[in-house]
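What follows is a single structure, written as structure tokens, with notes after it.
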């Protein structure tokens, strides 16, 4: 009886193996942000390629970090003439380092935050223009549909958005990203945390 059950089990398993469909890599479209965001996305792209997936990356023509050719992905180059310039980021980084070392007045910090806000607003405008060009390009949209992508990957502009959407983060205890505070805040630091949050929401 035991031998008969074993033969039946082997027969059923063999039937499942022959009836199951083959597993193949999927088609993945990646729409990354440039700059430091690409550093993280590139790791995912390379791993997807290593696992047999066919990866296509949308690359703005003026990209700094995203290579237009790569053994890991096919590039879909989208014309874009405006956006952030490297000089702005170098200048911003040196200002932030100087503020960390020497400290700065509240006015200087607000002025820098306003400059960042204006630059991000310009960047968002140019990104919107690029997306409009993508949607207006009927040939490109048809190629997206014909490609039948299994997955589209992109990344958020602001880190921690998912955390703030689902996890309680009272500003009196949890420092807002960018406020450069710890979880041990004085009353003044808690006020600063609230103002940083409000300013970020205003942006």
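Residue numbers (mature numbering (1 follows the signal peptide of the UniProt record, and there is no 0)): -25 to -1, 1 to 178. Glycine included, each C-beta is placed from N, C-alpha and C at the ideal position.
For residue 4, the nearest candidate out of 118, 38, 160, 90 (CA to CA):
It is 118 whose Cα lies nearest to the Cα of residue 4.
Taking C-alpha atoms, which residue in 103, 76, 69, 104 lies nearest to residue 87?
With distances taken between Cα atoms, residue 87 lies closest to 69.
Between the CA atoms of residue 27 and residue 75 - distance to the nearest angstrom
Note on geometry: alpha-carbon atoms of residue 75 and residue 27 lie some 45 Å from one another.
Please classify residue 13 as buried or exposed, where buried requires at least 16 neighbouring CB atoms within 10 angstroms.
So residue 13 ends up on the buried side.
Those residues which DSSP pairs with residue 31 across a bridge:
In DSSP, residue 31 forms a bridge with 4, 49.
Give me the Cα-Cα distance between residue 20 and residue 163, rounded to the nearest whole angstrom.
Each residue's Cα considered, the two are about 44 Å apart.
Which whole runs of the beta strand (DSSP E) in the segment 103 to 177 are 3 residues long or more, in chain order?
The qualifying runs are 126 to 129.
Is it buried or exposed, residue 166, if we count other Cβ atoms within 10 angstroms and call 16 or more buried?
Label assigned to residue 166: exposed.
Whole-angstrom C-beta distance between residue 172 and residue 2, which should lie under 8 Å
Contact doesn't hold; Cβ gap of about 40 Å is too wide.
For residue 94, which of helix, strand or coil comes out of DSSP?
If DSSP states are grouped into helix, strand and coil, residue 94 belongs with the helices.
Burial state of residue 31, where buried means 16 or more other Cβ atoms lie within 10 Å:
Classification of residue 31: buried, given that the 10 Å Cβ count is 16 or more.
Extent of the continuous alpha helix (DSSP H) run through residue 55
DSSP places residue 55 outside any alpha helix (DSSP H), giving it a letter other than H or E.
Whole-Å CB distance - residue 47 paired with residue 9, under 8 Å assumed:
About 17 Å separates the two Cβ atoms, so there is no contact after all.
According to the Cβ coordinates, are residue 35 and residue 129 closer than 8 Å?
In this structure, residue 35 lies away from residue 129, with their beta-carbon atoms at least 8 Å apart.
Tell me whether residue 37, by its Cβ, gets closer than 7 Å to a heavy atom of the ligand SAM.
This structure simply doesn't include the ligand SAM, nor any ligand for that matter.
Identify which residue in 17, 24, 18, 15 has its Cα closest to the Cα of residue -1.
If we check each option's Cα against that of residue -1, 24 comes out closest.
For residue 91 and residue 66, I'd like the C-alpha separation in whole angstroms.
Cα-Cα distance, rounded: 11 Å.
Residue environment, residue 33, which counts as buried when at least 16 other CB atoms sit within 10 Å
Buried, because 16 or more other Cβ atoms sit within 10 Å of the Cβ of residue 33.
Going by alpha carbons, who is nearest to residue 101 out of 141, 56, 143, 45?
Ranked by Cα distance from residue 101, the first of 141, 56, 143, 45 is 56.
Alpha carbon to alpha carbon, how far is residue 146 from residue 107?
Distance between the alpha carbons of residue 146 and residue 107 is about 37 Å.
Could you check whether residue 43 and residue 52 sit closer than 8 Å to each other, using their CB atoms as the reference points?
Taking 8 Å as the cut-off, the Cβ atoms of residue 52 and residue 43 count as close.
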